[in-house]
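Colleague: First, the structure itself, so that you have it in front of you.
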Amino acid sequence: MSEKVYGIDMGTNSIKICQKGAGVVLYQKNMIAMVRKTEPLALGDEAFSMYEKAPKNIEVKRPVVNGVIADFSAMQAMVQLYFKGFKGKKVAENLNAGSNSEFFMAVPTDITEVEKRAFYDVIASSSLKTKKIRIVEKPIADALGAGLDVMDATGRLIVNIGADTTEISLISLGGIVQSRLLKVGGTKFDEAIQQAVKKKHNLVIGMKSAERLKMNLASGIKEDEEVTFDVMGRNLITGLPNKVTVTNHLIYDAMSESLSSIIDSIKFILEKTPPELSMDIMHDGICMTGGSTRIKNLDLLIQQETGLSIMKPEEPELTVAKGLGMIMENSSYDHMAYNLQESSLH
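All the letters of the sequence shown, read from the start, carry residue numbers 1234 to 1579 under our numbering.
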């Protein structure tokens, strides 16, 4: 029987909630649509369907930006509605928190104490009335969910490329040796694609269209063969709707600067790695997680630039949630989660 123990991964692009004994029970876009800034209209995937299409009185927003909570009240409202129900029904039937519930919150490592505290307070100051809240460093949950053994004295390098951020972490003996949070991810790729299409074709496109171009044309390695994809938008000169054909070479050029930033940050962590742990990484390579790792040949790019082998789990966007589930299920991982009262959150 499933227990009322939940793990929450509040990502920039999506929110994942897992339950002890039941696995991942909710996986939705991390978006909320508000009417007149106060009244919730839609959550998750439904809110995302309204993004870039809503009238002025409806605001569709992402509560998490660059890996941290940017709109606390919106994030808290979302979590409460997921657990208490919205429009008379539950998004996921198993979500039913109360005073006897326990929460495990995944938080990025390389952020401030105040920013970490916000993840805790989303539950602590909510109407869910539970006081049992524990913090888990995101890279630790990420590595566990990716199938890595983080308990032994072996160095593991994990690179999580998400929507707004890339978190590069070196893990050994259940702790984080080095970590770096870079404000580059899938959304930054989309913005760069928007600008490139605007400059090249005088066409203004939305973020959803930019994402479609990325998923269909993007590659970490510049390909010789030209591949094209049609996109629609608003012509800058005429102001009228228009359709243009975009090439994979334009997309590669648009993303190259952001990809270089990720490579440079990986090399920075490798340069700071102690020699004995460097030997482990040389042997085991790099583990890549996060939704943006699905970009074609991105693993090949990192392999070529670092000379290290690459490992990718089957569901790279769910590794943090799966890792939280493992910590909840296995008492030997209990020390990886802590209460704020037990730690200064350094």
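Quick reminder that beta carbons are idealized off the backbone N, C-alpha and C, glycines included.
Helix, strand or coil: how does DSSP classify I1491 here?
Modeller: Position 258 of the sequence shown, counting from 1, holds the residue named residue 1491. With the sequence shown as reference, residue 1491 is identified as Ser, and Ile is not the correct amino acid for it. Of the three classes helix, strand and coil, the one that applies to S1491 here is helix, per DSSP.
Colleague: At 4 residues or longer, and completely inside the stretch 1464-1550: list those alpha helix (DSSP H) runs for me, N to C.
Modeller: The qualifying runs are 1481-1505, 1508-1517 and 1531-1539.
Colleague: On a Cα-Cα basis, can you pick out the residue from Y1284, G1244, G1523 and M1561 that is closest to A1379?
Modeller: Your numbering for residue 1379 matches position 146 in the sequence shown. The option with the nearest alpha carbon to A1379 is G1523.
Colleague: Going by the beta-carbon positions, is the gap between T1398 and K1371 smaller than 8 Å?
Modeller: Numbered from its first residue, the sequence shown carries residue 1398 at position 165. Numbered from its first residue, the sequence shown carries residue 1371 at position 138. Cβ atoms of T1398 and K1371: not closer than 8 Å.
Colleague: Between the stretch 1495-1505 and the stretch 1519-1535, can you find at least three pairs of beta-carbon atoms closer than 8 Å?
Modeller: yes
Colleague: Kindly indicate which three-state DSSP category D1375 falls into: helix, strand or coil?
Modeller: Position 142 of the sequence shown holds residue 1375. DSSP places D1375 in helix when its eight states are reduced to three.
Colleague: Per the DSSP calculation, F1336 is bridged to which residue(s)?
Modeller: Looking up residue 1336 in the sequence shown gives position 103. Partner residues in the beta bridge of F1336, as assigned by DSSP, are Y1239 and I1366.
Colleague: Can you name, in chain order, every residue of its own chain whose Cβ lies under 7 Å from the Cβ of V1298, other than the five neighbours on each side?
Modeller: Counting from 1 along the sequence shown, the entry for residue 1298 is found at position 65. Scanning its chain for C-beta atoms nearer than 7 Å, with the 5 sequence neighbours on each side dropped, one finds around V1298 the residues T1245 and D1397, in chain order.
Colleague: Would a check of beta-carbon distances place V1298 closer than 8 Å to chain B?
Modeller: Within the model displayed, chain B is absent; a lone protein chain is all it includes.
Colleague: Which one or two residues does DSSP pair with Q1261 in a beta bridge?
Modeller: Position 28 of the sequence shown, counting from 1, holds the residue named residue 1261. In DSSP, Q1261 forms a bridge with I1248.
Colleague: Look at M1283 and V1293 and say whether their C-beta atoms are less than 8 Å apart.
Modeller: In the sequence shown, residue 1283 corresponds to position 50, counting from 1. In the sequence shown, residue 1293 corresponds to position 60, counting from 1. Going by C-beta atoms, M1283 is nearer than 8 Å to V1293.
Colleague: Could you work out which residue in K1286, K1289, F1281 and P1288 is closest to R1295 when comparing CA atoms only?
Modeller: Here residue 1295 refers to the residue found at position 62 when the sequence shown is read from its first residue. Looking at the Cα atoms, F1281 is the closest of the given residues.
Colleague: How would you call P1508, buried or exposed, if buried means at least 16 neighbouring beta carbons within 10 angstroms?
Modeller: As a working note, residue 1508 is residue 275 in the sequence shown. P1508 is exposed by the Cβ-count criterion.
Colleague: So L1390 is in the beta strand (DSSP E); what residue range does that whole segment cover?
Modeller: Stepping through the sequence shown from its first residue, residue 1390 is reached at position 157. Element bounds for L1390: R1389 to I1394.
Colleague: How is T1342 classed by DSSP in three states: helix, strand or coil?
Modeller: Within the sequence shown, the letter at position 109 stands for residue 1342. Here T1342 sits in coil by DSSP.
Colleague: Any chance the stretch 1474-1493 sits against the stretch 1443-1459, with 3 or more Cβ pairs inside 8 Å?
Modeller: The stretch 1474-1493 makes contact with the stretch 1443-1459, as at least three CB pairs between them are under 8 Å.
Colleague: Given a cut-off of 8 Å, decide if G1277 and Q1261 are closer than it, judged by their beta-carbon atoms.
Modeller: Here residue 1261 refers to the residue found at position 28 of the sequence shown. Here residue 1277 refers to the residue found at position 44 of the sequence shown. It is a contact, given that the beta carbons lie within the stated cut-off.
Colleague: Identify whether L1381 lies in helix, strand or coil by the three-state DSSP scheme.
Modeller: By one-based count along the sequence shown, residue 1381 stands at place 148. Secondary structure of L1381 (DSSP, three-state): coil.
Colleague: Are the Cβ atoms of G1407 and M1559 separated by less than 8 Å?
Modeller: Numbered from its first residue, the sequence shown carries residue 1407 at position 174. Numbered from its first residue, the sequence shown carries residue 1559 at position 326. Contact flag unset, no.
Colleague: Taking the continuous beta strand (DSSP E) assigned at S1358, which residues delimit it?
Modeller: Mapped onto the sequence shown, residue 1358 falls at position 125. Element bounds for S1358: n/a, residue is neither H nor E.
Colleague: Compute the Euclidean distance between the alpha carbons of Y1566 and P1341, then round it to the nearest angstrom.
Modeller: Residue 1566 sits at position 333 when you count from the first residue of the sequence shown. Residue 1341 sits at position 108 when you count from the first residue of the sequence shown. Rounded to the nearest whole angstrom, the C-alpha separation of Y1566 and P1341 is 18 Å.
Colleague: Tell me the rounded alpha-carbon separation between E1553 and G1256.
Modeller: As a position in the sequence shown, residue 1553 is number 320, starting the count at 1. As a position in the sequence shown, residue 1256 is number 23, starting the count at 1. The question names Glu, but residue 1553 is Val in the sequence shown. For V1553 and G1256, the gap between their C-alpha atoms comes out near 12 Å.
Colleague: Where DSSP assigns a beta bridge to E1292, which residues make up the other side?
Modeller: Locating residue 1292 in the sequence shown gives position 59, where the first residue counts as 1. Beta-bridge pairing links E1292 to M1267.
Colleague: When we look at the beta-carbon of M1512 and count the other beta-carbons within 10 Å, is it buried (16 or more) or exposed?
Modeller: Indexing the sequence shown from 1 puts residue 1512 at position 279. It is exposed - the Cβ of M1512 has fewer than 16 other Cβ atoms within 10 Å.
Colleague: Kindly indicate which residue of V1460, V1437, S1452 and E1490 has the alpha-carbon position closest to the one of G1472.
Modeller: Here residue 1472 is taken as the residue at index 239 of the sequence shown, counted from 1. Of V1460, V1437, S1452 and E1490, the residue nearest in Cα terms is V1437.
Colleague: Count the other C-beta atoms from every protein chain shown that fall within 10 angstroms of the C-beta of M1264, then say buried if there are 16 or more, exposed otherwise.
Modeller: Position 31 of the sequence shown, counting from 1, holds the residue named residue 1264. With at least 16 other beta carbons inside 10 angstroms of its own, M1264 counts as buried.
Colleague: How big is the Cα-Cα spacing for L1469 and I1514?
Modeller: Position 236 of the sequence shown, counted from the start, is the residue given in the question as residue 1469. Position 281 of the sequence shown, counted from the start, is the residue given in the question as residue 1514. Spanning the two alpha carbons is a distance of roughly 49 Å.
Colleague: How close, in whole Å, do the beta carbons of G1418 and G1395 come, if the pair is a contact with beta carbons under 8 Å?
Modeller: Residue mapping note: residue 1418 aligns to position 185 of the sequence shown, counting from 1. Residue mapping note: residue 1395 aligns to position 162 of the sequence shown, counting from 1. Contact holds; Cβ gap of about 5 Å.
Colleague: Where does K1322 land, buried or exposed, given buried means 16+ other C-beta within 10 angstroms?
Modeller: Here residue 1322 corresponds to residue number 89 of the sequence shown, with the count starting at 1. Answer is exposed; the Cβ neighbour count stays below 16.
Colleague: Just mark P1288 as buried or exposed, buried being the case when its beta carbon has 16 or more other beta carbons within 10 Å.
Modeller: Your numbering for residue 1288 matches position 55 in the sequence shown. Looking at its Cβ environment, which holds fewer than 16 other Cβ atoms inside 10 Å, P1288 is exposed.
Colleague: Can you say whether P1549 is buried or exposed, counting buried as having 16 or more other CB atoms within 10 angstroms of its CB?
Modeller: In the sequence shown, counting from the first residue as 1, residue 1549 sits at position 316. Label assigned to P1549: buried.
Colleague: Tell me whether the beta-carbon of A1330 lies closer than 8 Å to the beta-carbon of L1361.
Modeller: Position 97 of the sequence shown holds residue 1330. Position 128 of the sequence shown holds residue 1361. In this structure, L1361 lies closer than 8 Å to A1330 by Cβ.
Colleague: Compare the C-alpha of Y1571 against each of Y1353, I1368 and E1456 and name the closest.
Modeller: The residue given as residue 1571 occupies position 338 in the sequence shown. Among Y1353, I1368 and E1456, the Cα nearest to that of Y1571 is on I1368.
Colleague: By the three-class DSSP mapping on this structure, what secondary structure does L1414 have?
Modeller: Here the question's residue 1414 lines up with position 181 in the sequence shown. L1414 falls in the strand class under three-state DSSP.
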